[in-house]
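Top to bottom, those sequences are chains A and B. Residue numbers are given in numbering that gives the first Met the number 0: position 87 of the first sequence equals residue 86, and the series is strictly consecutive. Residue numbers are given in numbering that gives the first Met the number 0: position 53 of the second sequence equals residue 52, and the series is strictly consecutive. All residues carry an ideal CB built from backbone N, CA and C; glycine is no exception. What follows is a single structure, written as structure tokens, with notes after it.
There are 2 protein chains.
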Amino acid sequence: MNEIEKILEFIVEIEKLKAVVRKTRPVGIDRYENSAEHSWHVCLSALMLKDYANKNININRVIKMLLIHDLGEIDAGDTIIYQSETVENKNKEAAGVERVFKLLPEACYEEYTALWQEFELGLSADSKYARAIDRVPPLLHNLLGEGHSWQDNKVSKDKVFSVNSRIKDGSQKLWDVMESKLENAVSKGILK
Amino acid sequence: MNEIEKILEFIVEIEKLKAVVRKTRPVGIDRYENSAEHSWHVCLSALMLKDYANKNININRVIKMLLIHDLGEIDAGDTIIYQSETVENKNKEAAGVERVFKLLPEACYEEYTALWQEFELGLSADSKYARAIDRVPPLLHNLLGEGHSWQDNKVSKDKVFSVNSRIKDGSQKLWDVMESKLENAVSKGILK
């Protein structure tokens, strides 16, 4: 098979991310979000908020990271973050990413597997910022949607603050804004 | 309002693209695609096919272009390409893009409005390649989905070949592959 045909096969395979359903509803939309549209949304969010990263980041790498960050869910499915960061789930995602990137030419397989791992590890400045941004839309969905996903999934305010405070590792300024919105949600009683 | 708050307002506003329904069904998924997940899909497609562009392109600019290329549809809605390229529709999209980008700080408004216009004009190497890639997933949806959208929308093979041959302006090699798939669809009788 020629390389273009291989890449087209990858393009068809990753469509499955459009069928992976997440745990929040987008603002004003009466259905749950899928991981493909979420991926688009975090890319544009990262682009527009880039000047608020704590450190010098390479926004082009961040966007690539966010384009691929959920591909492991094609095989592993989406799990709410408050329960998903287990070794078993991460292994499933890693195997899924590997399977999908194997459809690509070897050099791409290596490059994008490494980029996905960098995102997962969250140690570099780029990945810290990408992981911060990944948290923003689901928080906005809850904040503007009566805390629907926090309540449906019985997530406590302590858990919400502790998991999302990772935003400050990527952008202290963004966390300051989000933290005050979360405190406001607590006063309003939609986050308990 | 501080700038981060303005950008968060933009992030919430663009969610509406998740509710804009397109005219093809993704492979293996029993619903129509929306323009947000399509935008993610074309970004990753562009990234993986970048080495097949006719000219030297800046893939980072191409990805930014594709992230924003459909934002005008929030106000204008999606129209099938075989009928959409009218002055009236393009004006509606341009006004929609302007309204949405106005939510951003001034410098971003100017930068991304210009980038959107560059995509629409399709004269630069980056925009020619981006516009080529934008055609690929809907063709794959039809090719692997019994030509459902061609038939539902009564699109003739002449129209399909003439509109999509713009792929060759961005990537002759990609058009060679797609053209042969389209010819195959004609032989199979799913494109008439």
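Boundaries (first-last residue) of the alpha helix (DSSP H) holding residue i
{"i": "residue 68 (chain B)", "result": "It is not in any alpha helix (DSSP H) - residue 68 (chain B) carries neither H nor E in the DSSP assignment."}
{"i": "residue 96 (chain B)", "result": "86-100"}
{"i": "residue 18 (chain B)", "result": "Note, residue 18 (chain B): premise wrong, no alpha helix (DSSP H); not H, not E."}
{"i": "residue 145 (chain A)", "result": "No alpha helix (DSSP H) contains residue 145 (chain A), which DSSP labels as neither H nor E."}
{"i": "residue 180 (chain A)", "result": "171-187"}
{"i": "residue 197 (chain A)", "result": "There is no way to answer for residue 197 (chain A), as the model of chain A reaches only from 0 to 191."}
{"i": "residue 157 (chain A)", "result": "156-163"}
{"i": "residue 112 (chain A)", "result": "105-120"}
heavy atom of the ligand FAD below 8 Å from residue i C-beta
{"i": "residue 22 (chain A)", "result": "The ligand FAD is absent from the structure shown, which contains no ligands of any kind."}
Inter-residue spacing [alpha-carbon to alpha-carbon] between residue i and residue j
{"i": "residue 137 (chain B)", "j": "residue 94 (chain B)", "result": "25 Å"}
{"i": "residue 157 (chain A)", "j": "residue 110 (chain B)", "result": "40 Å"}
{"i": "residue 186 (chain A)", "j": "residue 169 (chain B)", "result": "54 Å"}
{"i": "residue 191 (chain B)", "j": "residue 56 (chain A)", "result": "50 Å"}
{"i": "residue 153 (chain A)", "j": "residue 112 (chain A)", "result": "34 Å"}
{"i": "residue 32 (chain A)", "j": "residue 129 (chain B)", "result": "26 Å"}
{"i": "residue 196 (chain B)", "j": "residue 40 (chain B)", "result": "Outside the modelled stretch of chain B, which goes from 0 to 191, sits residue 196 (chain B), for which no answer is possible."}
{"i": "residue 1 (chain A)", "j": "residue 104 (chain A)", "result": "10 Å"}
{"i": "residue 121 (chain A)", "j": "residue 70 (chain B)", "result": "31 Å"}
{"i": "residue 10 (chain A)", "j": "residue 126 (chain B)", "result": "20 Å"}
{"i": "residue 21 (chain B)", "j": "residue 77 (chain B)", "result": "6 Å"}
{"i": "residue 133 (chain B)", "j": "residue 178 (chain A)", "result": "38 Å"}
{"i": "residue 50 (chain B)", "j": "residue 183 (chain A)", "result": "49 Å"}
{"i": "residue 3 (chain B)", "j": "residue 58 (chain A)", "result": "17 Å"}
{"i": "residue 123 (chain A)", "j": "residue 151 (chain B)", "result": "49 Å"}
{"i": "residue 14 (chain B)", "j": "residue 140 (chain A)", "result": "10 Å"}
{"i": "residue 42 (chain B)", "j": "residue 8 (chain A)", "result": "16 Å"}
{"i": "residue 98 (chain B)", "j": "residue 85 (chain B)", "result": "20 Å"}
{"i": "residue 65 (chain B)", "j": "residue 87 (chain B)", "result": "22 Å"}
Residue i and residue j closer than 9 Å at C-beta
{"i": "residue 131 (chain A)", "j": "residue 173 (chain A)", "result": "yes"}
{"i": "residue 159 (chain A)", "j": "residue 149 (chain A)", "result": "yes"}
{"i": "residue 35 (chain B)", "j": "residue 61 (chain B)", "result": "no"}
{"i": "residue 162 (chain B)", "j": "residue 81 (chain B)", "result": "yes"}
{"i": "residue 118 (chain A)", "j": "residue 67 (chain A)", "result": "yes"}
{"i": "residue 38 (chain B)", "j": "residue 16 (chain B)", "result": "yes"}
Cut-off 6 Å between Cβ atoms - residues of its own chain near residue i, not counting five sequence neighbours on either side
{"i": "residue 189 (chain B)", "result": "145 and 146"}
{"i": "residue 92 (chain B)", "result": "71 and 75"}
Cut-off 7 Å between Cβ atoms - residues of its own chain near residue i, not counting five sequence neighbours on either side
{"i": "residue 63 (chain A)", "result": "114"}
{"i": "residue 53 (chain B)", "result": "169, 170 and 171"}
Under 7 Å from the C-beta of residue i: neighbouring residues of chain B
{"i": "residue 11 (chain A)", "result": "26, 139 and 143"}
Chain-ordered neighbours of residue i on chain B, where CB pairs are closer than 8 Å
{"i": "residue 46 (chain A)", "result": "63 and 66"}
{"i": "residue 172 (chain A)", "result": "3"}
Within chain A, partners of residue i - CB distance below 7 Å
{"i": "residue 51 (chain B)", "result": "3"}
Chain B residues whose Cβ lies nearer than 9 Å to that of residue i
{"i": "residue 147 (chain A)", "result": "Chain B residues near residue 147 (chain A): none, gap ~15 Å exceeds 9 Å."}
Contacting residues, own chain, Cβ-Cβ under 8 Å from residue i (five flanking each side not counted)
{"i": "residue 5 (chain B)", "result": "102, 103 and 104"}
{"i": "residue 181 (chain A)", "result": "138, 142, 156, 159, 160, 163 and 190"}
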